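Asker: Residue numbers (the UniProt record's numbering): 1 to 454. Yeah, the Cβ is synthetic: ideal placement off N, Cα and C, and Gly gets one too. Quick caveat, the model's predicted, so the values are computed rather than measured.
Below you can see the structure in the form of structure tokens.
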């Protein structure tokens with residue numbers, strides 16, 4: 001049997017009765033950033049002492065950082081979100097303390113507190129808000145960053161996420177991922193009769209909004225990396241197809257006509273194409289659809305097998321996918337134009353839901369075996385397989401933009417009539433470190449992490 005996702009299994013099993021299918025940006029409103037010059041004792045942003053700590057080192061010993069209040073009201077809220085973003089990575093030990101927003105810090109006092117870095121900031125204004133932030137390397141006694149952000153008050157959370165991204169990058173030498181969103185499927189109602197709606201939230205679970213009304217079963221959203229657009233599967237008008245949803249206008253349109261069901265979409269790295277699966281007879285093949293011309297090109301010929309869950313490599317040259325062509329669901333890699341498929345999964349169990357890391361170094365997957373689900377990663381050649389977490393159902397992995405964290409769906413078993421069933425979204429570091437839930441107002445599944453917001 002071939003794997004798409006547990007949610008797709010419920011919907012597609014009736015249509016493919018021969019097999020059980022188990023696995024398959026809003027603008028900142030005029031946000032402006034301007035540099036703040038360093039004080040006499042400091043250095044310009046980018047001075048010595050930045051990125052002294054690697055992510056691996058921070059996993060072993062989180063970076064002690066002082067983050068004071070940015071002022072009353074909104075200032076307090078901004079510093080709270082910054083603290084939550086950084087502490088949530090498990091890479092920072094956030095401490096409170098006094099750091100003047102307008103002068104050189106008392107480095108001796110901060111060192112005595114055990115701090116390695118410190119942030120100073122303030123938020124002022126009403127019609128528009130100006131948030132000033134300085135990041136200090138306490139050990140070296142240097143300013144690493146000084147920036148002021150100006151935006152409408154409604155964008156205060158985004159300013160906080162952007163500041164957290166700056167701190168993450170300056171301290172660790174890698175891009176942050178806090179100014180991002182997650183598309184997902186919101187779930188309400190009993191286990192076997194759930195209302196599913198396409199939804200969108202900030203990566204920390206806030207600012208959630210429903211994008212569709214719930215009349216039709218909706219599954220597997222995927223972000224376009226180049227434009228404000230999401231591809232997803234919908235059973236609208238009882239015709240299961242892949243649709244495109246424009247996040248700016250709210251308009252949605254079906255992506256191409258296929259003889260059977262189209263499902264499991266993902267965008268190419270440049271956002272110009274969608275690779276997806278479409279049923280043909282008792283099996284399914286993989287197609288690539290050009291968004292400009294809407295022409296479609298078949299790139300696998302399954303011969304009755306089920307080829308599904310395709311995902312481009314970050315450079316667009318290869319596609320990883322799931323197929324039962326060898327008798328059980330396994331992962332394969334082929335060239336982006338098709339052909340030359342080679343199997344890469346050889347562990348115990350059935351593999352599905354592959355997704356390539358934005359860094360190109362890992363492929364995440366779901367594996368079924370030994371009575372449960374596992375979520376893991378492997379190298380693109382199939383070596384180095386590691387299981388990160390396990391459970392009754394853990395599926396739908398999706399990488400954050402810097403490739404360091406995965407979001408995924410975790411579901412519990414249900415009793416008679418669906419009692420006790422729960423479906424939620426969590427995150428976990430690619431080393432299996434720091435698993436955390438994302439709080440959502442409803443049940444949730446099928447997460448898809450956006451690129452960095454523009």
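(1) Let's test the definition: count the other Cβ atoms within 10 Å of the Cβ of residue 75 and tell me whether it reaches 16, buried, or not, exposed.
(2) For residue 80, which of 90, 89, 91 and 68 has the nearest alpha-carbon?
(3) Express the C-alpha separation of residue 377 and residue 293 in angstroms, rounding to a whole number.
(4) Specify whether the region 89-99 and the region 55-67 touch according to this definition: at least 3 beta carbon pairs, one from each stretch, less than 8 Å apart.
(5) Under 8 Å, do residue 448 and residue 423 count as touching if we go by C-beta distance?
(6) Counting Cβ pairs closer than 8 Å, one from the region 97-117 and one from the region 205-214, do we hit at least three?
(7) Rounded to whole angstroms, what is the Cα-Cα separation between residue 401 and residue 167?
(8) Per the contact definition of three or more C-beta pairs closer than 8 Å, is the region 187-194 in contact with the region 145-153?
(9) Using only alpha-carbon positions, find the residue among 201, 226 and 305 that is nearest to residue 327.
(10) May I ask you to verify whether the region 132-151 touches the region 172-182, counting CB pairs closer than 8 Å and requiring at least 3?
(11) Taking the C-alpha atoms as reference points, what is the distance between residue 271 and residue 290?
(12) Just to confirm the assignment, what range does the alpha helix (DSSP H) spanning residue 294 have?
(13) State the Cα-Cα distance for the pair residue 297 and residue 200, rounded to the nearest angstrom.
(14) Residues in the same chain with beta-carbon distance under 7 Å from residue 78, minus the five sequence neighbours each way, listed in chain order, please.
(15) Can you tell me whether residue 224 is helix, strand or coil according to DSSP?
(16) Taking the alpha carbon of residue 438 as the reference point, which residue from 426, 215 and 255 has its own alpha carbon closest?
(17) Pop quiz: residue 196 and residue 217 are said to be a contact at Cβ under 8 Å. What is the actual Cβ separation, rounded to whole angstroms?
(18) Rounded to whole angstroms, how far is the Cβ of residue 231 from the Cβ of residue 244, which I believe are closer than 8 Å?
(19) Give me whichever residues DSSP pairs with residue 443 in a beta bridge.
(20) Mark residue 307 as exposed unless 16 or more other C-beta atoms lie within 10 angstroms of its C-beta, in which case mark it buried.
(21) Give a yes or no on whether the C-beta atoms belonging to residue 363 and residue 320 are separated by under 8 Å.
(22) Considering only the beta carbon of each residue, do residue 407 and residue 392 sit closer than 8 Å?
(23) How big is the Cα-Cα spacing for residue 382 and residue 345?
(24) Tell me which residues share the same chain as residue 260 and place their Cβ nearer than 7 Å to its Cβ, disregarding the 5 neighbours each side in the sequence.
(25) What's the gap between the Cα of residue 84 and the Cα of residue 295?
(26) By Cβ distance below 8 Å, which residues in the same chain neighbour residue 246 in space, the five residues on each side in sequence not counted?
(27) For residue 416, count neighbouring C-beta atoms within 10 Å of its own C-beta (all shown protein chains included) and say buried if the count is 16 or more, exposed if not.
(28) Quick check on the burial criterion: 16 or more other C-beta atoms within 10 angstroms. Buried or exposed for residue 121?
(29) Taking 6 Å as the limit between beta carbons, can you name the residues of its chain near residue 451, skipping five residues before and five after?
(30) Looking at residue 266: is its Cβ nearer than 8 Å to the Cβ of residue 310?
(31) Helix, strand or coil: which one does DSSP assign to residue 85?
(32) Excluding the five sequence neighbours on either side, which residues of its own chain have a C-beta within less than 8 Å of the C-beta of residue 54, listed in chain order?
(33) Spatial neighbours of residue 46 within its chain, please: C-beta separation below 6 Å, excluding the five flanking residues on both sides.
(34) Tell me whether the beta-carbon of residue 375 lies closer than 8 Å to the beta-carbon of residue 398.
(35) In chain order, what residues of the same chain lie with their CB nearer than 8 Å to the CB of residue 335, ignoring the 5 residues before and after it?
(36) With a 10 Å radius around its C-beta and 16 neighbouring C-beta atoms as the bar for buried, classify residue 142 as buried or exposed.
Answerer: Short version:
(1) What you label residue 75 is simply residue 75 of the chain shown in a count that begins at 1. It counts as buried.
(2) One-based indexing of the chain shown puts residue 80 at position 80. Checked all of 90, 89, 91 and 68; the closest Cα to residue 80 is 68.
(3) Position 293 of the chain shown, counted from the start, is the residue given in the question as residue 293. Position 377 of the chain shown, counted from the start, is the residue given in the question as residue 377. For residue 293 and residue 377, the distance between alpha carbons rounds to 35 Å.
(4) yes
(5) The count along the chain shown starts at 1 and reaches residue 448 at position 448. The count along the chain shown starts at 1 and reaches residue 423 at position 423. Cβ distance not < 8 Å, so residue 448 and residue 423 don't count as in contact.
(6) no
(7) To locate residue 401, count along the chain shown from 1; it is residue 401. To locate residue 167, count along the chain shown from 1; it is residue 167. In a straight line, the C-alpha of residue 401 is about 16 Å away from that of residue 167.
(8) no
(9) On the chain shown, position 327 is the one that residue 327 refers to. Of the candidates 201, 226 and 305, the one whose C-alpha sits nearest the C-alpha of residue 327 is 305.
(10) At 8 Å Cβ cutoff, the stretches do not touch.
(11) As a first step, residue 271 must be located in the chain shown, where it is residue number 271. As a first step, residue 290 must be located in the chain shown, where it is residue number 290. Whole-angstrom Cα-Cα distance: 10 Å.
(12) Taking the first residue of the chain shown as 1, we reach residue 294 at position 294. Neither: residue 294 is in no alpha helix (DSSP H) and is coded neither H nor E.
(13) Locating residue 297 in the chain shown gives position 297, where the first residue counts as 1. Locating residue 200 in the chain shown gives position 200, where the first residue counts as 1. Between residue 297 and residue 200, the C-alpha separation is close to 30 Å.
(14) Translated into positions along the chain shown, residue 78 becomes position 78. Taken in chain order, the residues that qualify are 70, 123, 131, 156, 159 and 160.
(15) Residue mapping note: residue 224 aligns to position 224 of the chain shown, counting from 1. Coil at residue 224, not helix or strand.
(16) Stepping through the chain shown from its first residue, residue 438 is reached at position 438. With distances taken between Cα atoms, residue 438 lies closest to 426.
(17) Counting from 1 along the chain shown, the entry for residue 196 is found at position 196. Counting from 1 along the chain shown, the entry for residue 217 is found at position 217. Confirmed, about 6 Å.
(18) Within the chain shown, the letter at position 231 stands for residue 231. Within the chain shown, the letter at position 244 stands for residue 244. Sure, about 6 Å apart at Cβ, within 8 Å.
(19) Locating residue 443 in the chain shown gives position 443, where the first residue counts as 1. DSSP, once it has assigned bridges, lists 187 as partnering residue 443.
(20) As a working note, residue 307 is residue 307 in the chain shown. Buried, because 16 or more other Cβ atoms sit within 10 Å of the Cβ of residue 307.
(21) The sequence position of residue 363 within the chain shown is 363, counting from 1. The sequence position of residue 320 within the chain shown is 320, counting from 1. Yes; because the gap between Cβ atoms is below 8 Å, this pair is in contact.
(22) For the purposes of this step, residue 407 is taken as residue 407 along the chain shown, with counting starting at 1. For the purposes of this step, residue 392 is taken as residue 392 along the chain shown, with counting starting at 1. Not in contact: residue 407 and residue 392 (Cβ atoms no closer than 8 Å).
(23) Position 382 of the chain shown, counted from the start, is the residue given in the question as residue 382. Position 345 of the chain shown, counted from the start, is the residue given in the question as residue 345. Cα-Cα distance, rounded: 6 Å.
(24) Indexing the chain shown from 1 puts residue 260 at position 260. Excluding residues within five positions, the ones whose Cβ falls inside 7 Å are 278, 279 and 280.
(25) For this step, residue 84 is matched to residue 84 along the chain shown. For this step, residue 295 is matched to residue 295 along the chain shown. So the alpha carbons of these two residues sit roughly 45 Å apart.
(26) Position 246 of the chain shown, counted from the start, is the residue given in the question as residue 246. So the list reads 228, 229 and 252, once near-sequence residues are dropped.
(27) The residue given as residue 416 occupies position 416 in the chain shown. Per the 10 Å Cβ criterion, exposed.
(28) Position 121 of the chain shown, counted from the first residue, corresponds to residue 121. It is buried - the Cβ of residue 121 has at least 16 other Cβ atoms within 10 Å.
(29) For the purposes of this step, residue 451 is identified with residue 451 of the chain shown, where counting begins at 1. Hits under 6 Å: 225 and 401.
(30) Here residue 266 is taken as the residue at index 266 of the chain shown, counted from 1. Here residue 310 is taken as the residue at index 310 of the chain shown, counted from 1. Cβ distance < 8 Å, so residue 266 and residue 310 count as in contact.
(31) For the purposes of this step, residue 85 is taken as residue 85 along the chain shown, with counting starting at 1. Residue 85 falls in the helix class under three-state DSSP.
(32) As a position in the chain shown, residue 54 is number 54, starting the count at 1. Scanning its chain for C-beta atoms nearer than 8 Å, with the 5 sequence neighbours on each side dropped, one finds around residue 54 the residues 172 and 173, in chain order.
(33) Counting from 1 along the chain shown, the entry for residue 46 is found at position 46. Caution is warranted here: a pLDDT of 40 is assigned to residue 46, below 50, making its placement in the model unreliable, and the coordinate value is therefore given only provisionally. Correct list: empty, nothing qualifies.
(34) To locate residue 375, count along the chain shown from 1; it is residue 375. To locate residue 398, count along the chain shown from 1; it is residue 398. Contact flag unset, no.
(35) Position 335 of the chain shown, counting from 1, holds the residue named residue 335. Result list for residue 335: 317, 318 and 319, in chain order.
(36) Stepping through the chain shown from its first residue, residue 142 is reached at position 142. Counting Cβ neighbours within 10 Å, residue 142 comes out buried, since at least 16 surround it.
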